[in-house]
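Here's the structure, in structure tokens; my notes come after.
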Amino acid sequence: MQLADERKKRLAEERRAVLEYLALKALAGRKDVLNALYDYLVNNESPSQASLKHGVQKAQLKSAAYQLVSKARAPLVVKLMKLAWPLIMEIEPIVEDGYCKICKAPIHTNHAEPHIAVKHQDLIKKTALEIENKLREQIKRKKALKAQAPN
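Take a look at the structure:
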């Protein structure tokens, strides 16, 4: 019983870490990297194809993929990306025109992610939690529809 509880806890931590990473990229306005990651990890395009298609450096794409897969096992990452993709793409970036919308600090494009990760960690966690809750609701609705469907 204790082993099952530990597994559930680890799975929840991995899920949260993946969603926080994706939320960070979206909040920083890096939809290009997110789209390249999706094509690479979910659609099984080569890193060269995905990076060229989305205007991202191949090394940057591979680094992002490595960071993402280091947070959880690859099958979980792919499954979460598939499920959460529409929700991730709806996230409004908080960096615009070289400024953070939250704290009004001037930010160079390359420094958006570190700024958000350090100064707005609470927003990352809140965003990831909202996505996780929406995913739970979607899954509950699907299960309810399957239960109602005649065999």
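Just add 1030 to the spot in the sequence shown (first one is 1) and you have my numbering.
Every residue gets a Cβ at the ideal spot worked out from N, C-alpha and C, and that includes glycine.
Suppose you measure from the CA of residue i to the CA of residue j; what does that come to, to the nearest Å?
{"i": "residue 1121", "j": "residue 1091", "result": "20 Å"}
{"i": "residue 1059", "j": "residue 1159", "result": "19 Å"}
{"i": "residue 1075", "j": "residue 1064", "result": "14 Å"}
{"i": "residue 1146", "j": "residue 1115", "result": "21 Å"}
Does the Cβ-Cβ distance between residue i and residue j come in under 8 Å?
{"i": "residue 1044", "j": "residue 1101", "result": "yes"}
{"i": "residue 1056", "j": "residue 1071", "result": "no"}
{"i": "residue 1086", "j": "residue 1066", "result": "yes"}
{"i": "residue 1053", "j": "residue 1161", "result": "yes"}
{"i": "residue 1154", "j": "residue 1050", "result": "yes"}
{"i": "residue 1124", "j": "residue 1141", "result": "no"}
{"i": "residue 1107", "j": "residue 1098", "result": "yes"}
Does DSSP put residue i in a helix, a strand or coil?
{"i": "residue 1136", "result": "strand"}
{"i": "residue 1099", "result": "helix"}
Count the other C-beta atoms from every protein chain shown that fall within 10 angstroms of the C-beta of residue i, then say buried if there are 16 or more, exposed otherwise.
{"i": "residue 1080", "result": "buried"}
{"i": "residue 1117", "result": "buried"}
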